[in-house]
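Q: Under numbering that gives the first Met the number 0, the first residue of the sequence shown is numbered 0, with each subsequent residue one higher. Note that beta-carbon positions come from the ideal geometry of N, C-alpha and C, so glycine has one too.
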Amino acid sequence: MRVLAPYLALYKRHKWLLLLGVVLAIITLLASIGLLTLSGWFLSASAVVGVSGLYSFNYMLPAAGVRGAAIIRTAGRYFERLVSHDATFRVLEHLRVFTFSKLLPLSPAGLAKFRQGDLLNRVVADVDTLDHLYLRVISPLAGALVVIIVVTAGLSFLDIGLALTLGGIMLLTLLLLPPLFYRAGKPVGESLTGLRGQYRQALTGWLQGQAELSIFGASQRYREAMTHTEQAWYDAQRRQAELTALSQVVMLLIGGAAVLAMLWMASAGVGDSTQPGALIALFVFCALAAFEALAPVTGAFQHLGQVMASALRITQIIDQQPEVTFPARDGAAPARVELTLDNLSFHYPQQVQPAIRDLSLAVPAGQHVAILGRTGCGKSTLLQLITRAWDPEQGELKINGVPLAGLSEEALRASMSVVPQRVHLFSATLRDNLLLAAPSASDQQLADALRRTGLEKLLDDSGLNSWLGEGGRQLSGGELRRLAIARALLHDAPLMLLDEPTEGLDAETESQILNLIQDAMRDKTVLMVTHRLRGLDNFEQIVVMDNGEITERGTHAELLRQRGRYYQFKQRL
Ligand code: ATP
Ligand code: MG
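1. Round the Cβ separation of residue 31 and residue 210 to the nearest angstrom and send it over; I've been treating them as touching at under 8 angstroms.
2. For a test of your reading of the model: does the CB of residue 574 fall under 7 angstroms from any non-hydrogen atom of ligand 2? Yes or no.
3. From residue 139 to residue 268, what does the alpha carbon distance come to, in whole angstroms?
4. Would DSSP call residue 552 helix, strand or coil?
5. Should residue 413 and residue 310 be called a contact, given that it needs their Cβ atoms to be closer than 8 angstroms?
6. Can you grab the Cα-Cα spacing for the pair residue 562 / residue 493, in whole Å?
7. Residue 75 and residue 27 look like a contact to me (Cβ under 8 angstroms); what is the Cβ gap, rounded to whole Å?
8. At a cut-off of 7 angstroms, would you count residue 379 as near ligand 1, judging by its Cβ distance to the nearest heavy atom?
9. Taking only heavy atoms of ligand 1 into account, decide whether any of them is closer than 7 angstroms to the Cβ of residue 388.
10. Mind pulling the beta strand (DSSP E) runs of 3 or more residues that sit fully within the stretch 344 to 403?
11. Look at residue 530 and residue 360 and say whether their C-beta atoms are less than 8 angstroms apart.
12. For residue 29, which residues in the same chain have their Cβ closer than 8 angstroms to its Cβ, ignoring the five residues on either side in sequence?
13. Would the C-beta of residue 318 count as close to ligand 2, meaning under 7 angstroms from any of its heavy atoms?
14. Buried or exposed for residue 348, going by 16 or more other Cβ atoms inside 10 Å?
15. Heavy atom of ligand 1 less than 7 angstroms from the Cβ of residue 400, yes or no?
16. Counting only the same chain and skipping the five closest in sequence on each side, list residues whose C-beta sits under 8 angstroms from that of residue 84.
17. Is it right to say residue 81 is buried, meaning 16 or more other beta carbons lie within 10 angstroms of its own, or is it exposed?
18. Whose CA, out of 86, 109, 534, lies closest to the CA of residue 20?
19. Note the first and the last residue of the continuous beta strand (DSSP E) segment covering residue 137.
20. Given a threshold of 16 other Cβ atoms within 10 Å of its Cβ, counted over all protein chains shown, does residue 263 qualify as buried or as exposed?
21. Taking 7 angstroms as the cut-off, is the CB of residue 459 close to at least one heavy atom of ligand 4?
22. Are residue 65 and residue 38 touching if we call contact CB-CB under 8 angstroms?
23. Any chance you could list the alpha helix (DSSP H) runs of at least 4 consecutive residues sitting entirely within the stretch 412 to 465, in chain order?
24. Quick one: using the 10 Å Cβ neighbour count with 16 as the cut-off for buried, is residue 478 buried or exposed?
25. Is the stretch 338 to 348 touching the stretch 391 to 399 in the sense that three or more CB pairs, one from each, lie closer than 8 angstroms?
26. Could you compute how far the alpha carbon of residue 278 sits from the alpha carbon of residue 36?
And the structure:
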């Protein structure tokens, strides 16, 4: 139950609304018990006076009572639903935003532990499941307790023995059945939550990997595995439905037994009267209605296991600590950037080999540096350390002599533009895909950036309004790279980090892009990752990495001059 504590604490924000919901639920329950009890007694009393030939019976008052209870029950139910659902949705809204705000700073280190489909499931379905806690558990339980007290107290004015018997049966039922059904429902609830997550993960995997699955003819096998999970999920749902049915049957049986007990005891006389009369009907109908109020409670506890499993899955996200944190203080982005990397070492979690070893590099402001190295040697990792996607375990990164960790996130993002190795295209218009790098850029500036990167063709059809990504135009690998360069140009920061910007481009476009880097980024500090030495003549410094370390450095000419070593590169690069 401890797992639910933080979620119960969330209810404090809307406590009055939630309390009003419980009060309205209790009023509705009591009105419905009053309605059945009063009408049962009224009909029997009317019959008794009719049979005995008495015509002085006041039927106005009970009839008005029945009508009043019916109206209160209907109105009460309407407002109870309105208020309790409104309150629950407010709590869920807060919880969802809270969970999402915890997710954001985790990126990417903390998020790497979760799969996309699983994360989505936790934020959507698991948060939704928590609405059971108030609607199905707390509110019905509070209602059932009040009903027991009010019914026992009310009936004790007529016959204390009968009242205590009915109250006792109800209290025992409330104490015994919910824990029993909680235990029975827990494993089913947990497996339901787990299977739902598994199925959605498989589904997102299937949707994302459609192309590969069909090309390799693995679609059928993948579907079969999904059907298997789906079947297990249905089975768990069936078991839960069976348990619900069982809890209803048990409640019906106990309720029926209580009604019979009331009938039997009341027929021997109610209160001081030993004559059978209309009050028998009052007790019988009261027992019938009171058990209806208890019915939802056992079912609710059966769902508690599922609620707790969902709460645990959300707690796993909320409890994550971001690997990288930024200081809150403001700070303007510098106009020029001098970058110093001092003895950096880093390795990815769960990896034995370090990705960066004892790496030092000084890049004066305005210098263009190329980083070469064979695949997997840690080039992209180095850029990720500079963008603070990860923090190094050892060593320090400095911008203009200030440790990177001392910059606010805004200042850090404003001081660097990045062309990542894997470019993400949003399913949005061309304009929106560019504006994310420079929200205040005019259409003219966007079109200009596209022209400079040789992407004017994209402006042909619907111009900046053309839809890209899913449901629209998919860009070729080279176009995507150039779009990323256009974004970096628009962002216009003093430090440019380019991860293989010319990868996959033909020789002519490659030299065009290298010229662009040369011209447009003349005053900027540039760090460019590449595999080829070709075209790097204008770079002031070229470093070669191997296995996370810098093994060689020099200018293009120097490296070329050392022919022997150059051939070594050629073999390695
Ligand atoms: P390429 O030229 O192919 O892009 P790279 O030099 O950019 O290679 P990195 O992406 O920096 O190489 O990867 C360096 C090493 O770290 C590789 O062995 C890679 O498998 C590993 N690696 C990269 N990202 C992660 C990660 N998120 N978790 C664990 N290991 C990783
Ligand atoms: Mg890389």
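A: In terms of the structure at hand:
1. So it is not a contact: roughly 58 angstroms between Cβ atoms.
2. Outside the shown range of the chain (0 to 572) lies residue 574, about which nothing can therefore be said.
3. Take the alpha-carbon of residue 139 and the one of residue 268: they are about 33 angstroms apart.
4. Residue state for residue 552 is assigned as strand, using DSSP reduced to three classes.
5. Contact flag unset, no.
6. Any reading at residue 562 must be qualified, since the residue scores a pLDDT of 49, below 50, and its modelled position is unreliable; no value is offered.
7. With 8 angstroms as the limit, residue 75 and residue 27 qualify as a contact, their Cβ atoms being about 4 angstroms apart.
8. Answer for residue 379: yes, Cβ within range of ligand 1.
9. No, Cβ of residue 388 sits at least 7 angstroms from all heavy atoms of ligand 1.
10. Within the stretch 344 to 403, the complete beta strand (DSSP E) runs of at least 3 residues are 355 to 362, 367 to 372, 393 to 398.
11. It is not a contact, given that the beta carbons lie outside the stated cut-off.
12. For residue 29, the CB contacts under 8 angstroms within the same chain, skipping 5 residues up- and downstream, are 145, 146, 149 in chain order.
13. No.
14. Label assigned to residue 348: exposed.
15. Residue 400 Cβ: outside cutoff for every heavy atom of ligand 1.
16. The answer, listed in chain order, is 134.
17. Classification for residue 81: exposed.
18. Among 86, 109, 534, the Cα nearest to that of residue 20 belongs to 86.
19. Unbroken run through residue 137: none, as it is neither H nor E.
20. With fewer than 16 other Cβ atoms inside 10 Å of its own Cβ, residue 263 counts as exposed.
21. Annotation note on ligand 4: not contained in the displayed structure, which lists ligand 1 and ligand 2 as its ligands.
22. Result yes, Cβ atoms of residue 65 and residue 38 sit closer than 8 angstroms.
23. The qualifying runs are 429 to 434, 442 to 451.
24. That one is buried.
25. For the pair of segments examined, the stretch 391 to 399 was found to touch the stretch 338 to 348: the number of CB pairs separated by less than 8 angstroms reaches three.
26. For residue 278 and residue 36, the gap between their C-alpha atoms comes out near 10 angstroms.
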